[in-house]
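Structure, as structure tokens:
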Amino acid sequence: MACSDAHENNVMGIMVSLHRHLAQRSLDEPERRFFSTSLRYLSTSSGRQVQVESWMVTSYDVEFGPQIGVGGL
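Residues 17 to 89 (this note's numbering) make up the sequence shown, in order.
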């Protein structure tokens with residue numbers, strides 16, 4: 017994967033995550049303005065619009081933490 021491909025994938029992931037936050041969460045007005053402005057900037061600078069599907073999950077939507085109950089056979 018080329019560096020520009022990785023950058024484009026990261027930008028699209030961030031845009032999906034921002035869009036999901038704006039659509040599903042109750043945000044204070046300063047947060048809503050920040051996320052809206054960020055999404056608008058990324059859309060303009062990348063020249064792309066994001067189409068969010070209900071099944072999409074990005075690494076920005078996942079909280080990483082210690083594993084619980086790791087086992088094996």
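Where a beta carbon is used, it is the ideal one built from N, C-alpha and C, also for glycine. Here the structure is a predicted model, which means the values were calculated and not measured.
Three-state secondary structure assigned by DSSP to residue i
{"i": "M17", "result": "Caution applies to M17, whose pLDDT of 49 falls short of 50 and renders its modelled position unreliable; the value that the coordinates give is listed next. In the structure shown, M17 sits in coil (DSSP, three-state: anything other than H, G, I, E or B)."}
{"i": "V68", "result": "coil"}
{"i": "S33", "result": "helix"}
{"i": "V73", "result": "coil"}
{"i": "H23", "result": "helix"}
For residue i, the first and last residue of its enclosing alpha helix (DSSP H)
{"i": "S54", "result": "E45 to S62"}
Evaluate contact between the segment 44 to 59 and the segment 68 to 76, counting only Cβ atoms and requiring at least three cross-stretch pairs below 8 Å.
-> no
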